[in-house]
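Before any comments, here is the structure.
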Amino acid sequence: MSADVSIPSTSPPSTSGAIATRESYGKALVELGKERRDVIVLDADLSGSTKTGDFAKAFPDRFFNIGVAEANMTGIAAGLSFTGLTVFCSSFAMFAAGKAYEQVRQEVALPNANVKICATHAGLTVGEDGASHQMLEDLALMRVLPNMRVFVPADGRETEQVIRAVAGFKGPAYVRLSRMKTPLFIPAGNRFEVGVATRLRDGNCLTLIGTGVTSWHALQAASLLAAEGIEARVLNMSTIKPLDEAAVLAAAEETAGIVTVEEAQAACGLGGAVAEVVTSGRPCPVLRLGMRDRFGESGDGLALLEHFGLTAPHIARAARELLAKT
Amino acid sequence: MSASPTAPTSAPTVVPARTAPPPPDFDRLAAIARELRIDVLRMLEKAASGHPGGSLGMADIYTTLWFGGWLEVDPQRPDWPERDRFVLSNGHICPILYTILARKGYFPREDLWTLRKLGSPLQGHPDFHHTKGVDCCTGSLGNGVSVALGMALGGRVQGQRFRVWAGSSDGEAQEGQLWEMATAAAHHKADNLTVIVDWNNIQIDGFNTDVMWVRDLKAKWEAFGWHAQVIDGHDLRAIDGAFRAAYAVRGQPQVILAKTVLGTPVSFMLNKPKWHGQTVVVFTSGPRTVIGRWDAIVGDQLEMRDVAVHDSGRDDEPQAAWVARLKQFGIPVQHGSFALGAAEVTRVVRLRDA
Chain A
15 MSADVSIPST SPPSTSGAIA TRESYGKALV ELGKERRDVI VLDADLSGST
65 KTGDFAKAFP DRFFNIGVAE ANMTGIAAGL SFTGLTVFCS SFAMFAAGKA
115 YEQVRQEVAL PNANVKICAT HAGLTVGEDG ASHQMLEDLA LMRVLPNMRV
165 FVPADGRETE QVIRAVAGFK GPAYVRLSRM KTPLFIPAGN RFEVGVATRL
215 RDGNCLTLIG TGVTSWHALQ AASLLAAEGI EARVLNMSTI KPLDEAAVLA
265 AAEETAGIVT VEEAQAACGL GGAVAEVVTS GRPCPVLRLG MRDRFGESGD
315 GLALLEHFGL TAPHIARAAR ELLAKT
Chain B
875 MSASPTAPTS APTVVPARTA PPPPDFDRLA AIARELRIDV LRMLEKAASG
925 HPGGSLGMAD IYTTLWFGGW LEVDPQRPDW PERDRFVLSN GHICPILYTI
975 LARKGYFPRE DLWTLRKLGS PLQGHPDFHH TKGVDCCTGS LGNGVSVALG
1025 MALGGRVQGQ RFRVWAGSSD GEAQEGQLWE MATAAAHHKA DNLTVIVDWN
1075 NIQIDGFNTD VMWVRDLKAK WEAFGWHAQV IDGHDLRAID GAFRAAYAVR
1125 GQPQVILAKT VLGTPVSFML NKPKWHGQTV VVFTSGPRTV IGRWDAIVGD
1175 QLEMRDVAVH DSGRDDEPQA AWVARLKQFG IPVQHGSFAL GAAEVTRVVR
1225 LRDA
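Those protein sequences? They're chains A and B, same order as listed. If you read the first sequence in this note's numbering, its first letter stands for residue 15, the second for the next number, and so on. If you read the second sequence in this note's numbering, its first letter stands for residue 875, the second for the next number, and so on.
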């Protein structure tokens, strides 16, 4: 069931206080550290960028900088968790999920370790650093690991709730965070729950599903479509795994089709997960927007989203195409 | 550790170390090591796959660690938070660990004969979901040592005095992650961590010096900031002495580089790379044991090579049963005297060239 936050489809959400989800992550960790002595944080020489540095300053005895050694950091995180601690470990998504993938599988997912991998600078919107640093495959990689739960908070407020939620259960989590600032567009009254999509906008023509920063662009696309008389339902899918299958199936049942949007490979991530659910549950057209089997390049984050067809006008066009086929 | 809103923000970093145990009974340790080796061979015979070489080679070290009073554990409380941890980072030699855990009482000895079979508590590589007494999941080289370091830091952060022991190997020294771990452990002064390296110069594809020589491991570990010792891994007194020296070290992690001979004491396995991952066949009947390598089944006959015959010395014992068994498999009966599990092998019979 998706949480209906009852936003009137005519009023635009607040865009005040744009903040990168990594910033909120740093703040949330400090708050958690004040409350819980079992919270330990690791970083691999990127604590300034991932914002774990805030925690390091507040709780130096519960922070370990492991240096530029992500594989080792991941194993250490698992070992710490086996002594009863709740461990957050951070690096850029490229390294936390990519370089250390085997360690994540063997020492975090397989042992069901209480390790929360909070990977910042994920996706296309890391921007100027270019293709080598634009992690586009992490959702696919993490989603297929047994025991792993996968989250992509959409804005700063939701990030704080997601961090609190992952600290609240035993077992592995992968939290995908971004460098690009996004508006606080998830309504303040919304309460994040693991595995529950948030319905950002009602509509029965078709459904747009975003995750992370793309939820904002999906919402903007819905406004464009509304001006043409197309009422799109918008879901913010901040839990990729376990996926809110009920919300997806309801969308398949009640609307003409689904457009998914992610700043990741269009294969095997959000779009893949949604397609898997509808094909076996309630087949409907699914149009997956994301990177089409290619790497990114340097540029401003927003310019890249525009260039690769992931902003509101592109999403709206995809929606029209989907409707034209049905 | 439970959540506490009023918890202090810093954890104690000075933890009183455990005191070293009194000197062990070395004759008893030698007897245990011999029995563990025989069980390793029997396990692998029944499993028909697995890694005998390193399991046999490290039997003296791990017997001393587990039965010489060094590892503080309680088989009745496998999850006791303050227990010493043991992480077998070169997890493929888990048969020796499993024989130890069975003897310690973590599970019945009969479970040993189920190694690697569907539904067995004994997985092909260590997995704590299945096996009591195992502290994590290992097998992919390079990973376990990092987990061990995490455990050591976790103990220190929480003011616990347990020690972490990790088993590693010269083969694992080819993994970059081992050296990431070595760097971090020294930097964070993890003096409650001891790594034992099986330095037998053998890995799957051949001799370490041929495949990818790791060179002077003592100099390397020392350069990384560790307290390093090189010992004869089959000398129980030297092993005990090395543990004692490691125990006394403060402010620095310790490594014990154990020169071992792969396959000890099975003569035809000694220092032979092929025995890293080859399995053996053991037939027992009465006091006699025939041990050899399963080669092929040709027609209705089992062909073996590298066969040795162990006679426990009771020559008057009827041999009809095992002779019949061997004949059944088409194996010529050879008489030899093979003191299985002891240091000497007086005769080895080769049926065919390997």
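Using N, Cα and C, we set each Cβ at its ideal position, and we do this for glycine too.
{"query": "Where does serine 245 of chain A sit, in a helix, a strand or coil, going by DSSP?", "result": "The sequence given here has glutamate at residue 245 of chain A, not serine. It is coil, neither helix nor strand."}
{"query": "Please list, in chain order, all residues of the same chain as glutamate 172 of chain A whose beta carbon is under 7 Å from its beta carbon, the five residues on each side excluded.", "result": "Ile200, Phe206 and Ser252"}
{"query": "So is proline 197 of chain A in contact with chain B if we call contact Cβ pairs under 8 Å?", "result": "no"}
{"query": "Run through chain B and tell me which residues come within less than 8 Å of proline 160 of chain A, C-beta to C-beta.", "result": "Chain B residues near proline 160 of chain A: none, gap ~11 Å exceeds 8 Å."}
{"query": "Comparing the C-beta of phenylalanine 1098 of chain B with each C-beta of chain A, is any distance below 8 Å?", "result": "no"}
{"query": "Just to confirm, is the Cβ distance from alanine 133 of chain A to glycine 226 of chain A under 8 Å?", "result": "no"}
{"query": "For leucine 1027 of chain B, which residues in chain A fall below 8 Å Cβ to Cβ?", "result": "Phe78, Ile90, Gly93 and Leu94"}
{"query": "What is the residue span of the beta strand (DSSP E) that threonine 225 of chain A lies within?", "result": "Unbroken run through threonine 225 of chain A: none, as it is neither H nor E."}
{"query": "Which residue from A:Ala70, A:Cys298, A:Leu303 and A:Thr64 puts its Cα closest to that of serine 104 of chain A?", "result": "A:Thr64"}
{"query": "Using 7 Å as the cut-off, classify the Cβ of glycine 93 of chain A as near or not near the heavy atoms of the ligand NAD, replying yes or no.", "result": "You won't find the ligand NAD in this model; it holds no ligand whatsoever."}
{"query": "Tell me phenylalanine 960 of chain B's beta-bridge partners as DSSP assigns them.", "result": "B:Trp1039"}
{"query": "Per DSSP, which one or two residues make a beta bridge with methionine 149 of chain A?", "result": "A:Ala136"}
{"query": "So, with DSSP's three-state summary, where would you put tryptophan 1053 of chain B?", "result": "helix"}
{"query": "Since arginine 190 of chain A and aspartate 216 of chain A should fall inside the 8 Å C-beta cutoff, what is the C-beta to C-beta distance between them, to a whole number of angstroms?", "result": "Incorrect: roughly 27 Å between the Cβ atoms, too far for contact."}
{"query": "When you compare the CB of glutamine 175 of chain A with every CB in chain B, is at least one pair closer than 8 Å?", "result": "no"}
{"query": "Any idea what DSSP makes of isoleucine 200 of chain A, helix, strand or coil?", "result": "coil"}
{"query": "Aspartate 1079 of chain B and proline 1127 of chain B: beta carbons closer than 8 Å?", "result": "no"}
{"query": "Show which residues of chain A have a CB atom less than 9 Å away from the CB atom of valine 1069 of chain B.", "result": "Residues of chain A passing the Cβ test: none, with the nearest at roughly 13 Å."}
{"query": "CA-CA distance, arginine 119 of chain A and leucine 159 of chain A?", "result": "7 Å"}
{"query": "Leaving aside the five residues before and after asparagine 1075 of chain B along the sequence, list all residues of the same chain whose C-beta is less than 7 Å from its C-beta, in chain order.", "result": "Asp1044, Phe1081, Asn1082 and Thr1083"}
{"query": "Show which residues of chain A have a CB atom less than 8 Å away from the CB atom of histidine 1062 of chain B.", "result": "Phe78"}
{"query": "Please tell me whether glutamine 117 of chain A and alanine 85 of chain A are closer than 8 Å, where the distance is taken between their beta carbons.", "result": "yes"}
{"query": "Report, in whole angstroms, the separation of the C-beta atoms of cysteine 1260 of chain B and valine 1021 of chain B, which I expect to be a contact under 8 Å.", "result": "For chain B, the structure presents residues 875 to 1228; residue 1260 of chain B sits outside this window and is missing."}
{"query": "Using the rule of at least 16 other Cβ atoms within 10 Å of the residue's Cβ for burial, across every protein chain shown, is aspartate 899 of chain B buried or exposed?", "result": "exposed"}
{"query": "For glycine 112 of chain A, which residues in the same chain have their Cβ closer than 8 Å to its Cβ, ignoring the five residues on either side in sequence?", "result": "Met149, Glu151, Asp152 and Leu155"}
{"query": "Given a limit of 7 Å on CB to CB distance, which residues of the segment 1023-1054 of chain B reach chain A?", "result": "Leu1023, Gly1024, Met1025, Leu1027, Gly1028, Gly1029, Val1031, Gln1032, Gln1051 and Glu1054"}
{"query": "Is there a Cβ from chain B that is less than 8 Å from the Cβ of histidine 328 of chain A?", "result": "no"}
{"query": "Just to confirm the assignment: which complete alpha helix (DSSP H) runs, minimum length 4, are found wholly within the segment 26-92 of chain A?", "result": "35-49, 61-64 and 67-72"}
{"query": "Anything in chain B within Cβ reach of tyrosine 97 of chain A, meaning under 7 Å, just list it in chain order.", "result": "Before going on, a small fix: residue 97 of chain A reads as threonine here, not tyrosine. By Cβ distance, chain B contributes Met1025, Gly1028, Gly1029 and Gln1032."}
{"query": "Three or more C-beta pairs under 8 Å: does that hold for the segment 966-976 of chain B against the segment 932-950 of chain B?", "result": "yes"}
{"query": "Which class does isoleucine 967 of chain B belong to by DSSP, given the choice of helix, strand or coil?", "result": "helix"}
{"query": "Along the segment 990-1018 of chain B, what residues have a CB closer than 9 Å to any CB found in chain A?", "result": "Asp1001, Phe1002, His1003, Asp1009, Cys1010, Cys1011, Thr1012, Gly1013, Ser1014, Gly1016, Asn1017 and Gly1018"}
{"query": "What does the Cβ neighbour count give for histidine 135 of chain A, buried or exposed, with the cut at 16 atoms within 10 Å?", "result": "buried"}
{"query": "Strictly by DSSP, which residues pair up with tryptophan 1234 of chain B?", "result": "Summary: the structure shown does not reach residue 1234 of chain B, with chain B confined to residues 875 through 1228, and so no result is reported for it."}
{"query": "Please check if any C-beta of chain A sits within less than 8 Å of the C-beta of proline 955 of chain B.", "result": "yes"}
{"query": "Considering only C-alpha positions, which residue in the set A:Leu257, A:Asp143, A:Ala70 and A:Gly283 is nearest to methionine 194 of chain A?", "result": "A:Asp143"}
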